[in-house]
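Top line first, the protein sequences correspond to chains A and B.
Counting from 1, one number per residue, gives the positions in the first sequence under our numbering.
Counting from 1001, one number per residue, gives the positions in the second sequence under our numbering.
Glycine is no exception: its CB is placed at the ideal position from the N, C-alpha and C atoms.
Okay, structure first, notes after.
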Amino acid sequence: MSSSIQSRLVISASFILFCFLGLAGFALDAAYQKGAQNALNERLQIHLYSILAAAELSEENKFLMPSGLSEPRFEQVDSGLSAYVFDEKGQLVWRSTSSAGKEVQEHKKLGIGEKNFIKKRLINQADIELRFKAVLDNTSGFPSAFEFVVIESTQSLDSQISGFRAVLWQWLGGIAVLLLIVQFFILRKSLEPLRKIVFDLEKIQAGDREHLDNHYSEELKDIADTLNRLVDNERNHLLRYRNTLADLAHSLKTPISVLTGLYEQGSLSTNDVAILKKQTLQMRQSVDYQLQKAAVKGHQTLNKPLELEPLIEQILSSLDKVYSDKQLVVSTSIDKNIKFNAEKGDLFELFGNLLDNAYKWANSRVSINVHSIEQTKNTPAGIQIIVEDDGPGISADRLSEVMQRGVRVDESIAENGIGLAIVNELIGFYKGEMTSVESSFGGQAWLIKIPGRAV
Amino acid sequence: MRVLIIEDDQSLQDLLVYSLTSKGYAVDAASNGRDGLYMGTEYPIDVAIIDIGLPDISGLEVIKSLRQKGINFPVLILTARTRWEEKVEGLEAGADDYVAKPFHIEELLARMNALIRRSAGLSSPEVVCGPIKINTSAQQVLANDKPIDLTAYEYKMLEYMMIHSGRVISKTEIIEHIYDQDFDRDSNVIEVFVGRLRKKLDPADVLKPIETLRGRGYRFTIPLNK
């Protein structure tokens, strides 16, 4: 069964509707059939009584039937109505004119005054016969028993019933269709709030709205409230997490700075300095790496898709400031209005580290290229980022090392040797891939593809 | 050069003050944003090192307020929060560079010197006025390609005068940018330094790099090669 509530309701309500209409149809049909049957039986009895009333016995106990029964069909061949009279020995003593050409019916043992209706179904025709045993007195008062048989074809009854049936089922079918349509619209209307809440939730997921406006229905009020709280919790949780990490970073890094400064004052022995240097370096790198890694959100959540161009421009203008000495030529090619559904901090980390690295190593040129990828058979839709510089590049044998956690390519270049490792890790979280490709400027070039909803 | 340090962690502040003063910088140190903002507004600061995470007013707010008041000395931010979003935020607030904690003092000094240079419109660590050359990162001085040996204070004074070459610099200005608060302004130490610099740079008295303007101050006469 489909999992949608609407189809469940439609299917179960339709099932009940069909059962009801079907049973109602059968009941009506049976009632009508019974009514028609009773009417037929009654007619047969009336015919019987008319025959009884007309029948006479002669003095010799001979059965006499004056011609001209009130029912003209007895006189008409193939009228569907015929009558027979048997004497006590089972001899046919009288038959109506209409019975011509038909089999004489068998004599049945019946008690005096006993009535018996028998339905018979022969190959071509169905009949109903009424048998009755009555005692007739002759003129001298001597009684003799006779069996009266009246047979009527049920053909007219059958056609009457089948006519009724056709009309009945037509009507029931029509009503069923009408009710189904009405029911479908009623369900649609009743499930409207659910559809609205789903629609709004999708909007929240796409980041187009912040909360569910609570105007769906009384029953959904609690759900909407709970969902709103959940959404808020997620946002708050992320924020708290970030702040805690930042505070932790702050509280760890300042003492490490002091330690680092201590050995630079030259009051310690060379051996002490070497140990201190190594240990503090390790501490700063693991603190940096672990904190950054932990702060990476790494998945597409209830965020608005972000416009990439202003974000990248922000980073570029900051880096222009920091590396203004190098007077680099920076070329950008970014799809106008390209948006990507990722956490803002993650995007800052991604582009910040990539571009910082390019600026740091470039001699004169840096380029960044961001485009959306259309979905094809083999690749999902997403974004493609190419960052190039004309610096020394990274040799193939060092690549894996650079992209590994916490490794600096050159210790003498200040700041963040872990940048590329973070980028690599982040791209992994977003199920993308990062490859080193040949740069047209002769330096380092990174090609990054991240699947996801690029808008 | 007068450096403003706003850092709430006392041991790191002490370390910075110690390192900078031993390299010949005049240092003003504040432990909170409010004091720092006051010093930045009132004192003749050349460069500031500001920690972002301050207890009262955040470092970013301090920088924004300074910039709003039209105070343009270069600012280096210290941050433990190495997230790019925060770096960009800091730089957009008006900072000129950032150093992430933990850092090496040398790295901080190199960045700081680069900022001072840049604020004077120089793009390389070499400051050249005719035959006199100084390398601000190595703190080396060459006159006619011969190395000159200067004390830390003499070097700082020469660097300041060369960067502001062609401008009249009062004695007070020199004192303010080279010495801390507690310097005795009536002493003749500046005259003594000027005399020593003239002797060391121009023993033959040919270049006459430093001109005395009576009652107004000094002027470095050789124009800066930009």
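The Cβ of D1009 (chain B) sits closer than 7 angstroms to at least one Cβ of chain A. According to DSSP, S79 (chain A) shares a beta bridge with no other residue. S367 (chain A) has its alpha-carbon roughly 11 angstroms from the corresponding atom of L316 (chain A).
For Y1098 (chain B), the uninterrupted beta strand (DSSP E) run begins and ends at 1097-1100, by DSSP. The C-beta separation of D346 (chain A) from H371 (chain A) comes to about 19 angstroms, leaving the pair out of contact by the 8 angstroms criterion. In the displayed model, D87 (chain A) falls within coil according to three-state DSSP, outside both helix and strand. In this chain, A381 (chain A) is not harboured by any beta strand (DSSP E), its DSSP state being neither H nor E. With respect to V1075 (chain B), D1051 (chain B) sits apart: the two C-beta atoms are not nearer than 7 angstroms.
Residues of chain A with a Cβ closer than 7 angstroms to the Cβ of S1019 (chain B) are, in chain order, G261.
Taking 7 angstroms as the cut-off, the beta carbon of S1137 (chain B) is found closer than this to the beta carbon of A1110 (chain B).
Relative to R398 (chain A), the option among A:I118, A:Q444, A:F15 whose CA is nearest is A:Q444.
In the three-state DSSP reduction, Y32 (chain A) falls in the helix class (H, G or I). The beta carbon of L1020 (chain B) sits closer than 7 angstroms to the beta carbons of V1003, V1027 from its chain, once the five residues preceding and following it are set aside; these are given in chain order.
Secondary structure at Y1025 (chain B): coil, using DSSP grouped into helix, strand and coil.
Between L57 (chain A) and V150 (chain A), the gap from beta carbon to beta carbon reaches 7 angstroms or more. The beta carbon of Q314 (chain A) falls within 7 angstroms of a beta carbon belonging to chain B, placing the residue at that interface. Of all residues in the region 328-346 of chain A, those with a C-beta nearer than 9 angstroms to a C-beta of chain B are K344, G345, reading in chain order. If you ignore the 5 residues before and after E433 (chain A), its C-beta comes within less than 6 angstroms of the C-beta of K449, all in its own chain and listed in chain order.
With contacts defined by Cβ atoms closer than 7 angstroms, D1008 (chain B) and L1037 (chain B) do not form a contacting pair. Here C1129 (chain B) is buried. Its C-beta has 16 or more other C-beta atoms within 10 Å. Judged by DSSP secondary structure, G1166 (chain B) falls outside any beta strand (DSSP E); it is assigned neither H nor E.
Burial check for D222 (chain A): the Cβ neighbour count within 10 Å stays below 16, so the residue is exposed. A distance below 7 angstroms separates the beta carbons of K1200 (chain B) and I1148 (chain B). The Cβ of V370 (chain A) sits no closer than 7 angstroms to any Cβ of chain B. For N1072 (chain B), there is no enclosing alpha helix (DSSP H), as DSSP gives it neither H nor E. Using a Cβ distance threshold of 7 angstroms, L1012 (chain B) and T254 (chain A) count as a contacting pair. With a cutoff of 7 angstroms on beta-carbon distance, V85 (chain A) and F132 (chain A) are scored as not near each other. About 6 angstroms separates the beta carbon of L48 (chain A) from that of L130 (chain A), a gap short enough to meet the 8 angstroms contact definition. Around G1090 (chain B), the same chain offers I1052, L1060, I1077, T1079, Y1098 as residues with beta carbons nearer than 7 angstroms, after the five sequence neighbours per side are excluded. Comparing alpha carbon positions, the residue from A:R284, A:S267, A:K89, A:Y263 closest to I275 (chain A) is A:Y263. With 16 or more other Cβ atoms inside 10 Å of its own Cβ, G352 (chain A) counts as buried. Under the three-state reduction of DSSP output, N1225 (chain B) falls in the strand class. For S96 (chain A), same chain residues with a beta-carbon under 6 angstroms away, outside a window of 5 residues either side, are F74, S82, A83 in chain order.
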